[in-house]
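Peer 1:
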Amino acid sequence: MSRIAETLAACGAADRKALTAFITAGDPTPDATVPALHALVRGGADILELGMPFSDPEAEGPSVQRSSERALASGVTLSRILEMAAEFRKADGSTPVVLMGYVNSVMRMGYETFAARAGEAGIDGLILVNLPPEEAAAAQEALARQGIDLIFLVAPTTTLVRALGILERASGFIYYVSLKGVTGAHHLDTVDVERNISTLRKVCHLPVQVGFGIRDAESARAVARVADGIVVGSLLVDIMGDHAADPEGIPSALQAQAGVLRDAIDTI
Amino acid sequence: MSGSNKSPYRQPGPEGRFGPYGGRFVAETLVYALEQLTSLYESVKDDEEFQRELADDLANYVGRPTPLYHAARLTSELGGAKIYLKREDLSHTGAHKINNTVGQALLAKRMGKPRIIAETGAGQHGVATATVAARIGLDCSVYMGSEDIARQSANVYRMKMLGAQVVPVNSGSKTLKDAMNEAMRDWVTNVDTTHYIIGSVAGPHPYPMMVRDFQAVIGQEAREQCLRLEGRLPDLLVACIGGGSNAMGLFYPFVDDENVDMVGVEAAGLGLATARHAAPLNAGTPGVLHGQYTYLMQDEDGQIMQTHSISAGLDYPGVGPEHSYWKDIGRARYTAVTDDEALQGFRLLNRTEGILPALESSHAVAWVAREARQRSADEIVIVNLSGRGDKDINTVARLDGIEL
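Order-wise, the sequence lines are chains P and U.
Following numbering that gives the first Met the number 0, the numbering of the first sequence begins with 0 at its first residue and continues without gaps.
Following numbering that gives the first Met the number 0, the numbering of the second sequence begins with 0 at its first residue and continues without gaps.
The following block contains the structure:
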């Protein structure tokens, strides 16, 4: 069983909502990333999403845009990100790590090369925001050979027929985009989310993690109530930004914030 | 004619691919809107009422057909091939961009969407979008890089007069590509109420195909006009290329005419060797940006590079996917001219023909000035004069040390 499947199965068995925490690799400096990942796990994250910064992040709101700009300014590259993941994996053999970003980064390295190196680095999954299933066959095959899940997204505009097609090809988990908008948007409507994903969860054999627009403990709790887990990003990368001048304060601040989210979704 | 049922050229394929290029690399939220748009577009393509409405708008609002003008003094000054200019600069709003926005506005109306958005570089597409929005009473927001807002202030003012909201974009290089990122973010947020009018033959399927088809009126007219004036087809077609819509509009109806050569002229900026340019077909590699697989200016790590061109409309790191395909199969040739050469082309056309070309179109003029001399007087060249240069007067004057 893969680390993602194992982790989510354990959450399911324990009636624990999964917390997936996103930060951008290299933000604000490459040295900050691995300690930040460990801090998120200590704070209660079940899955780590490590952002691969891209120059043109067209689905991101201002928080992740700024985070990507800080990371790129720090000189981080995909090769360096894979090294960070490998370093994290040496000390943590069980927490799943999912890379998230845009297809051009991975395509430029080459799907086969990327998959082989990601496999070696102990990467468990990959989310490419702008790679819908229709365009994903080559990447998915290369990743599957290394036991890496290509995680697909389902959006509020995805029709049920289309969602069924996506589910057929999906592995790991389904990333449900909670709203029409960019990451960190301010118009999350949890009633909408509940209505939309109740249908999805009826037909979905995989756990459903919901992200985009979760800004605080209250929205975390509201979304977690109707999903298998939540994904939080903008809130965490804002902490990285706030500590750009004081990177040593990042781990404790992240751990505390992850803890707040953990407590929120544990008290449903 | 190409595009008709008799043409052997059939691109894109069902997945929106031109050979390997194109496709639909977008966030899941947008897939439904793109599918909706594709099926609507497929249905109106052969719909007589839609085509009649479009033809009426092109004739009576845009002012088509535009002339195919024999540039006699330019021809004699260069002393070579006979040069014709396809006068897109004479269409309403002063550039070819309106051919596409008129068509897409009709689509927005059919979809019942009350709001349209656009990205713009030089501001010509923004003006053309704000114009059709004003005409049919739609709400309109235009995204524009803050650097472009500074160098194209006249067009910004025009858009505001037309009732559009001009939204400055301060991220990244503050130019066209960043405006397109921001427009995509708007669209993903307001997809139910908003139609996104992409201004070039770029972006996810169906845009490259649809914009090509709307712009093909340029080449259809030029082909007929040349046959009428000269009794034969031209030897060479020349157009500037940023995203590539004016070039594709001129070239596409000639795709099956094997003896008609085509040259697309990219912006070499400060020179192809300097990396301060916007010439992905000359100096780029394929990758994915803005929903399409196409030639891009990118670094070893797949990050999109900053571009530079004196003309805001060519200042884009990608190019329409059909041009990438044509480069690979050799159907068109892609070259580049520098900022300085483009300025010479700008002055040359003013001086010899009394025509003020856009800095974008000046790239095509500059390349022809170089090429025509090598060709004999019985060869016919058509240059697409994609837009007029009033918007660029401030930029050129500043280079002459004059503040207007």
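Even for Gly, the Cβ is constructed at its ideal location relative to N, Cα and C.
In this text the structure is predicted, and so the values were computed from the model without any measurement.
#1: My output table needs one value for arginine 86 (chain U): the three-state DSSP class, helix, strand or coil.
#2: Starting from cysteine 239 (chain U), trace the alpha helix (DSSP H) both ways and give me its first and last residue.
#3: Roughly how many angstroms separate the alpha carbons of glutamate 47 (chain U) and threonine 37 (chain U), rounded to a whole number?
#4: Between which two residues does the alpha helix (DSSP H) containing glycine 228 (chain P) stretch?
#5: Any idea what DSSP makes of tyrosine 110 (chain P), helix, strand or coil?
#6: Can you give me the start and stop residues for the alpha helix (DSSP H) that proline 207 (chain U) sits inside?
#7: Which residue marks the beginning of the alpha helix (DSSP H) containing glutamate 257 (chain U), and which one marks its end?
#8: Would you tell me roughly how many angstroms separate the C-alpha atoms of asparagine 253 (chain U) and alanine 104 (chain U), rounded to the nearest one?
#9: May I ask you to list the residues that DSSP assigns as paired with cysteine 139 (chain U)?
#10: So what does DSSP say about tyrosine 68 (chain U), is it helix, strand or coil?
#11: Using three-state DSSP, classify tyrosine 333 (chain U) as helix, strand or coil.
#12: Could you name the residues of chain P that glutamate 229 (chain U) contacts, counting a contact when the two beta carbons are closer than 9 Å?
#13: Using only CA atoms, which one of U:Ser310, U:Pro316, U:Gly317, U:Gly319 lies nearest to aspartate 339 (chain U)?
#14: Okay, do the segment 137 to 144 of chain U and the segment 113 to 124 of chain U touch, 3+ Cβ pairs below 8 Å being the bar?
#15: Determine, for threonine 28 (chain U), whether the minimum Cβ-Cβ distance to residues of chain P falls below 8 Å.
#16: Are three or more beta carbon pairs between the segment 41 to 56 of chain P and the segment 261 to 272 of chain U nearer than 8 Å?
#17: Mind checking glutamine 10 (chain U): buried by the 16 CB within 10 Å criterion, or exposed?
#18: Can you check DSSP and say which residues form a bridge with aspartate 30 (chain P)?
#19: Tell whether a beta-carbon distance below 8 Å holds between asparagine 98 (chain U) and alanine 238 (chain U).
#20: If we require 4 or more residues per run, which alpha helix (DSSP H) segments fall completely within the segment 189 to 252 of chain P?
#21: Beta-carbon of glutamine 64 (chain P) versus every beta-carbon of chain B: anything under 8 Å?
#22: Given a cut-off of 8 Å on the beta-carbon distance, is the pair glycine 263 (chain U) and alanine 331 (chain U) in contact?
#23: In terms of alpha-carbon separation, which member of P:Leu77, P:Ala114, P:Ala115, P:Met106 lies closest to leucine 130 (chain P)?
#24: Tell me isoleucine 267 (chain P)'s beta-bridge partners as DSSP assigns them.
#25: Could you check how far apart the C-beta atoms of serine 170 (chain U) and glutamine 214 (chain U) are, in whole angstroms? I think they sit under 8 Å.
#26: So is serine 104 (chain P) in contact with chain U if we call contact Cβ pairs under 8 Å?
#27: Can you check which of these residues, U:Asn281, U:Leu161, U:Met261, U:Met208, is closest to alanine 335 (chain U) by C-alpha distance?
#28: By alpha-carbon positions, which one of U:Cys225, U:Arg150, U:Ser308 ends up nearest to arginine 397 (chain U)?
#29: Cutting at 7 Å between CB atoms, please list the residues of its own chain near aspartate 56 (chain U), excluding the five before and the five after it.
#30: How long is the line joining the alpha carbons of leucine 292 (chain P) and aspartate 237 (chain P), rounded to whole angstroms?
#31: So what's serine 1 (chain U) in DSSP terms, helix, strand or just coil?
#32: Three Cβ pairs or more, each shorter than 8 Å: is that satisfied between the segment 0 to 9 of chain P and the segment 164 to 175 of chain P?
#33: With distances taken from CA atoms, which of U:Met296, U:Leu84, U:Ala376 is nearest glycine 218 (chain U)?
#34: Looking at the C-beta of asparagine 129 (chain P), does it have a partner C-beta in chain U at a distance below 8 Å?
#35: Name the one or two DSSP bridge partners that isoleucine 381 (chain U) has.
#36: Have a look at U:Asp300, U:Leu232, U:Arg231, U:Tyr324 and flag the residue whose alpha-carbon is nearest the alpha-carbon of proline 207 (chain U).
Peer 2: Once the coordinates are examined:
#1: Three-state DSSP puts arginine 86 (chain U) in a strand.
#2: Unbroken run through cysteine 239 (chain U) is the beta strand (DSSP E), 235 to 239; no alpha helix (DSSP H).
#3: 18 Å
#4: Element bounds for glycine 228 (chain P): not the alpha helix (DSSP H) but the beta strand (DSSP E), 228 to 231.
#5: helix
#6: DSSP places proline 207 (chain U) inside the alpha helix (DSSP H), whose first and last residues are 206 to 214.
#7: Per DSSP, glutamate 257 (chain U) lies in no alpha helix (DSSP H) segment and is marked neither H nor E.
#8: The residue asked about is misnamed: residue 253 (chain U) is phenylalanine in this sequence, not asparagine. Going from the Cα of phenylalanine 253 (chain U) to the Cα of alanine 104 (chain U) covers about 27 Å.
#9: U:Ile115
#10: strand
#11: strand
#12: Within 9 Å Cβ-Cβ: nothing; glutamate 229 (chain U) doesn't reach chain P, min ~45 Å.
#13: U:Ser310
#14: yes
#15: The C-beta of threonine 28 (chain U) comes closer than 8 Å to at least one C-beta of chain P.
#16: By the C-beta criterion, the segment 41 to 56 of chain P is judged not to be in contact with the segment 261 to 272 of chain U, since fewer than 3 inter-stretch pairs fall below 8 Å.
#17: The residue is buried, with at least 16 neighbouring Cβ atoms inside 10 Å.
#18: DSSP links aspartate 30 (chain P) through a beta bridge to no other residue.
#19: no
#20: Along the segment 189 to 252 of chain P, the alpha helix (DSSP H) occurs as fully enclosed runs of 4 or more residues at 189 to 202, 216 to 223, 233 to 241, listed in sequence order.
#21: Included in the structure are the protein chains P and U, with no chain B among them.
#22: For the 8 Å CB-CB criterion, glycine 263 (chain U) and alanine 331 (chain U) form a contact.
#23: P:Met106
#24: Isoleucine 267 (chain P) pairs with nothing; no bridge assigned.
#25: About 29 Å separates the two Cβ atoms, so there is no contact after all.
#26: yes
#27: Selected option, being the one with the closest Cα: U:Asn281.
#28: U:Arg150
#29: The residues Val101, in chain order, have a CB closer than 7 Å to that of aspartate 56 (chain U) in the same chain once the five nearest residues on each side in sequence are set aside.
#30: The displayed coordinates of chain P run from 0 to 267. Any statement about residue 292 (chain P) would go beyond what the structure contains.
#31: With a pLDDT of 48 at serine 1 (chain U), under the threshold of 50, the modelled position of this residue cannot be trusted; read the value that follows with caution. Coil, per DSSP.
#32: yes
#33: In terms of CA proximity to glycine 218 (chain U), U:Leu84 leads the group U:Met296, U:Leu84, U:Ala376.
#34: yes
#35: U:Tyr83, U:Leu236
#36: U:Tyr324
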